[in-house]
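**Student:** Reminder that position 650 of the sequence shown reads as 649 in numbering that gives the first Met the number 0, one-by-one numbering, no gaps.
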Amino acid sequence: MVGWTGALVALLYLLAQYILIKTVDRRARTENGPDRPYIYALSLASGGSSWLFYGALGYAADNGFEFIGLFIGIALAFTLGFPFLRKIVRLAKSEGITSIADLIGARYGKSFSVTALVTLIATVGLVPYLALQITAIHYLFDVFRNTFASHGQGEHHGSHWLLWCLLCVIGLFTVRNSEKSVHTTDHDEGLVRVSANDSVFKIIVFVIVGMTAITLFFTEPVEHISQIAIPWPQGRISLENMIALILIGASTTVLLPSHFYLTVVENRSERELRTARWLVPACLFIAGVFVLPVTAIGLQVLPSTAYPDFYFLSLPLLMDHDWLSAVAFAGGLSAASTMLVLPAIVLSIMISNDLVMPVVLKWPRRAAAQDFTRTISKVRRYSILVILLAAYVYQFTIMEHVDFSELSLISAVSMMQMLPPFLGGFVWRQATGRGALWGMTAGITVWLYTMVLPTWLDQSSSLIANGPFGVGGLRPHHLWNLQSSSFVNGLLWSLIANLAFFIVGSLSKSARPLERIQANVFISHKPAATVSIRNLRPKITIRQLKEAISRYIGAERAELAFRTFCEREGVELDRDDPADFKTVHFCEQLLSGIVGSPSARLILSLALGPTGIAQKRAQILLDHATGALVQNRYLLQTALDQMDQGIGVFDEHARLTCWNRQFPFMLDLPENLQRMGVSLRHIASFLTDRGDLVQLEDKDCHPEFDPLAAHWRVRFRDTGQIIDVLSNTMPDGGRVTTFTDITKAVETDRMLRQTNEYLDTRVRERTAELTLANQELAKAQRRAEDANISKTRFLTDAGHDILQPLNAARLYSSALSGHLSETHQKELAVSLDSSLEAVESIFNALLDISRLDAGALQPVISTFSLNTVLQQVVRDFLPASLEKGLELKLVDSSVVVETDRNLLRRLLQNLVSNAVKYCRSGKILVGVRHQGNMLEVQILDTGIGIPQSELNVVFREFSRLSEGMNESDGLGLGLSIVERIAKTLGMQIGVTSNVGKGSVFSVRMPVSQLPTLTHVNGVPSIGDSSVADGLSVLCIDDDKRSLSAMKELLQSWGCTVDALSQGKALRRLCQNRTEPPDLILADYNLGDETGLDLIAYVRDHYDCSIRAALVTAERSSQLRNRAAADDVSVINKPVRPAILRAVLSHSQAGESNERR
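1) If you draw a straight line from the C-alpha of Ser485 to the C-alpha of Lys508, how long is it?
2) Tell me the rounded alpha-carbon separation between Met729 and Val735.
3) Mind checking whether Met450 and Ile120 have CB atoms under 8 Å apart?
4) Is the Cβ-Cβ distance between Ile87 and Val279 less than 8 Å?
5) Helix, strand or coil: which one does DSSP assign to Asn659?
6) Determine the burial state of Leu102: buried for a count of at least 16 other Cβ atoms within 10 Å of its Cβ, exposed for fewer.
7) Report the partner residues of Ser678 according to the DSSP bridge assignment.
8) Just verifying my parser: in three-state terms, what is the DSSP assignment at Thr736?
9) Can you check whether the CB of Ile722 is closer than 8 Å to the CB of Leu666?
10) Just the C-alpha distance for Arg1135 and Glu1088, rounded to the nearest angstrom, thanks.
11) Whole angstroms are fine: how far does the CA of Thr78 sit from the CA of Gly733?
12) Mind checking Ala366: buried by the 16 CB within 10 Å criterion, or exposed?
13) For Met338, which of helix, strand or coil comes out of DSSP?
14) Any idea what DSSP makes of Arg1003, helix, strand or coil?
15) Have a look at Gly434 and Ser98 and give me their C-alpha separation to the nearest angstrom.
16) Ignore the nearest five residues each way along the sequence and tell me which others in Gln644's own chain have a CB closer than 7 Å to its CB.
17) Can we count Phe421 as close to the ligand NAP, meaning its CB is less than 7 Å from some heavy atom?
18) Could you tell me the alpha carbon to alpha carbon distance between Ala305 and Phe143, rounded to whole angstroms?
19) Starting from the C-beta of Leu934, find all residues in its chain whose C-beta is less than 7 Å away, skip the five residues before and the five after it, and write them out in chain order.
20) Report the residue from Cys167, Val1032, Gly1090, Cys1069 whose alpha carbon sits nearest the alpha carbon of His1145.
21) May I have the straight-line CA-CA distance separating Phe585 from Leu90, to the nearest angstrom?
22) Quick check: Leu1042 and Ala1081, are their CB atoms within less than 8 Å of each other?
23) Need the endpoints of the alpha helix (DSSP H) that Lys86 sits in, please.
24) Given a cut-off of 8 Å, decide if Gly170 and Ile383 are closer than it, judged by their beta-carbon atoms.
25) Rounded to whole angstroms, what's the CA-CA distance from Trp446 to Ala74? Just pull it up for me.
26) Which residue comes first and which comes last in the beta strand (DSSP E) that contains Cys282?
27) DSSP on Ser1030, reduced to helix/strand/coil?
28) For the pair the stretch 48-59 and the stretch 404-415, tell me if three or more CB-CB distances fall below 8 Å.
29) According to DSSP, is Glu897 helix, strand or coil?
30) Put Arg1155 into one of helix, strand or coil per three-state DSSP.
31) For the beta strand (DSSP E) holding Ala1058, just list the boundary residues, first then last.
32) DSSP three-state label for His710, please.
33) Taking 8 Å as the cut-off, does the stretch 58-72 touch the stretch 315-331 (at least 3 CB pairs, one atom from each stretch)?
34) Tell me, to the nearest whole angstrom, how far the beta carbon of Ser324 is from that of Leu312; I am working on the premise that it is less than 8 Å.
35) Work out the CA separation of Ala1064 and Asp1099 for me, nearest whole Å.
36) Are the CB atoms of Ser998 and Gly944 nearer to each other than 8 Å?
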């Protein structure tokens, strides 16, 4: 009774399918409703949804998650591979392609051999797949009748008669549907609707079964849940299996004949393809998530003999859900019958069009007179019966060890043999028909050996277990000892053989002219170069063409097709008019949809006349000429496509004749405006209606706008993109129009204008800010200068006030030491003088640093002999060096320098003073080294030395080395002053030292290029002679303590001293005294007068050149220069007794007492 129930469900299902097809076919075939994209997309999910029922469950039970590889491949084909799918669909429409065999054959010069081999591979390869569907129906009845299907039990004979009856009904159903396509080239909407409904029904059934099983079993006790949750053995996932399944899933989306038919032939618009891009992966994902739960539950609760591929039916039967069992049975029947009917129909079309009809048409007499509509119908009918019979015989021979996933993969790998010539045809121009034949033959041979042969033989047979002749490396399932699954083994080696022979075969012979033409069509997707021969007229009339076409599609359909062609092209064709090549090409495409490309080409060749030797030679020449034209067109088109600009070429009537790929992309033109013959005015009108066309001033275009103008512009309102259009006239009256995207240039120009305006504003603002800042800076600078002047004045005044008592103290201490006779008292006086000298040195150093940092010391440049300065410095420190037992030696030099004499002397004095202080014994050498235009004054000593790590520290203020502190007192300001003076004079200071051996300080300066010395403004030399008794000295100082101390000291040395504090007393003295003094010692600042004024008065009064010296705390270079100009020496306060004795010694010698 259960078997009758199943048969009734099957008949009702097939009847419903038949009624649906008839209902859809009664509608207008041109109807394209809003639901059509979804119907199309759902029909494409039929193959993947059938894998859910017969393949995915069984594969998941053995290999776990690997089953999703097929779904991933399908999803990738519709997502990442979408541009390629779109290209295939466009190409098929333009070339009138109706099958995968047509597509591959058309690529290789519309070769009958290639088309026939693809058809044979598809037919042989799909036999295991169709046998799987028959076996599935057989097992379906057994499971439905016996509750469980047991693999290998051999209890299927009871349902053989039901299977035969059902196969007869399915065969009749298939034949009836195949006959419709003989009479029309339109889309088979009924078949698409049936496939879509089947996909929806199968997915819904699988989801319901999965959800029911999960709900029922997971409401059981916790212990039962934990048992069900146990999956199949872990570690079974194989990466190579996953990759192979992904490749198969992606490739069979197009290579499987039934899938190619639904995806390519039944496509009406790109909108449908875009819908399928997301809907097909979504459907497979929704149903695919239930594969693992159903498999896991089935493995736990069903007997081990239960067939995994029928868990979808066994689980409802186990749960005693009659309604769910009936629905699951119908879903399984739908999955099997759909993949039995559709592939059989598509194969029958391929066999009739690409295999049988080209052979029949080889007899010209029969082809010229016979009506082939009945012949085509019979061929397809018998083809379906033979295919179904072959599938039944195959499944009968392998039923005892059938594996559904294995059968699916066997057929899938056979379809993969089309992959190298298929992909190679789209990417490799050198690919030829010979290469395709060699490759597919080699691939299908390896497939038969590695995958089909093992299904016919016992697994324990010698060939399977040990390989032919006992060669283990040739075992079919493990060819070359590859340890992988059987389908990976077959896929890998068959594709390797296929690809190798495909490449070798293609390189062994150059492509025929027609192959080169078709290569250009496939690779660049440009129509064949028919424009250049459009004016040629073949020797055939419109009436003859119609008669030739009518024999294959019927007179009524032929008349309707020609009427549609005339309306589309805007022409009128009389029956006796000669047909042009454009009309012949239309007829070829029309026939390609009925009998295939090779047969269509052969039919029209026969219709055009007898093919004698002359005609054949002419055809060969025409093919070669066309090939050359196509090659040149391809090179030109490739060059144009590489340009960033869009280019459109229009004829003298402003109709589009040639364009590059940027042209429609830049203007965003619809497909109906991307064809030859479209008027430029039509394109401009479309852009105007869309609101994108503007004048050069970016205003809306006027109605009288002329698109043939030399220059116009397009602005896309949505994106803001601006296209500049420039037209140039050709000699034949046509136009070459360039379309340049100037969005960035216009935007850059706009931004530049805005930037300029902004910059002008900012310049004005910044100018005002800068002016204000300059004013504030000038004020600040004036305040700083005033502060600096005040500081300098303060330092001068303070220095003068401080140095006056200090000067007096030095003089008193020197005088005191001369009056003391006891040794102890003299030592105290010497210590006092030494302390005062130290205070003087520190204070002088601080004043010098202050003036140098403030820039108060401006160098007065003069040219002089360097040796005079060196001699003076050495003379100054000779007593101190002799006192320490050191040998101070000067190496004379004749070099002339140009710098400030006084600052250089002070710099060298500090360096020599440093050498004397820190040299315990030995020598100090002062000399000059020449280095081209430069010289170095070097001071070498044998002192304590400086560590290398401290060489950069010695020039810092208050920096002293620990060993140096033991040798001499001080604050560490001498070398700091040296560095500042050198910086002021533009000289370089260098130092090298070796601890315990001594140091070398050097001063680097340029040599003067003057051959003679200019006037030297310097201080007169001061000798180092002893003081002479009886020397008459005139002392002038407004500080009474300094004046008293100076008088006391001079008198202790035996001098006659006249001490005065102001100019009035001096003038009275001069009026009362007739003899001039031997020496004048005057302070500089004397109230309203200066020391120089009083010196000049005394000299003028006595009319003689009296030796004079300024004893002052003023240290400016200006004062020294004035004193030098007046022949007056300068002695800085506090006065050093040694310097004062030297001045007295020179005065005693009478060097400066000449009368004028």
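A virtual CB, placed ideally from N, CA and C, is assigned to each residue, including glycine.
**Tutor:** The short version:
1) Their Cα atoms are separated by approximately 35 Å.
2) 7 Å
3) no
4) Going by C-beta atoms, Ile87 is not nearer than 8 Å to Val279.
5) Taken through DSSP and simplified to helix, strand or coil, Asn659 comes out as coil.
6) buried
7) Arg654
8) strand
9) yes
10) 25 Å
11) 42 Å
12) Caution is warranted here: a pLDDT of 47 is assigned to Ala366, below 50, making its placement in the model unreliable, and the coordinate value is therefore given only provisionally. That one is buried.
13) helix
14) strand
15) 21 Å
16) The beta carbon of Gln644 lies closer than 7 Å to those of Gln661, Thr737, Phe738, Thr739 in the same chain, with the five residues before and after it left out.
17) The ligand NAP is absent from the structure shown, which contains no ligands of any kind.
18) Spanning the two alpha carbons is a distance of roughly 12 Å.
19) Answer for Leu934: Val894, Val927, Arg928, Met1004, Val1006, listed in chain order.
20) Val1032
21) 15 Å
22) no
23) Counting along the chain, Lys86 sits inside the alpha helix (DSSP H) bounded by residues 81-94.
24) yes
25) 26 Å
26) Looking at the DSSP string, Cys282 is not in any beta strand (DSSP E); the run it does join, the alpha helix (DSSP H), is 269-287.
27) This sequence places Leu at residue 1030; Ser is not what is there. Here Leu1030 sits in coil by DSSP.
28) yes
29) Assignment of Glu897 by DSSP, reduced to helix, strand and coil, places it in the strand class.
30) Bear in mind that a pLDDT of 39 at Arg1155, under 50, signals an unreliable position, so the model cannot answer this.
31) From DSSP, the beta strand (DSSP E) with Ala1058 extends over 1055-1059.
32) strand
33) no
34) 7 Å
35) 17 Å
36) yes
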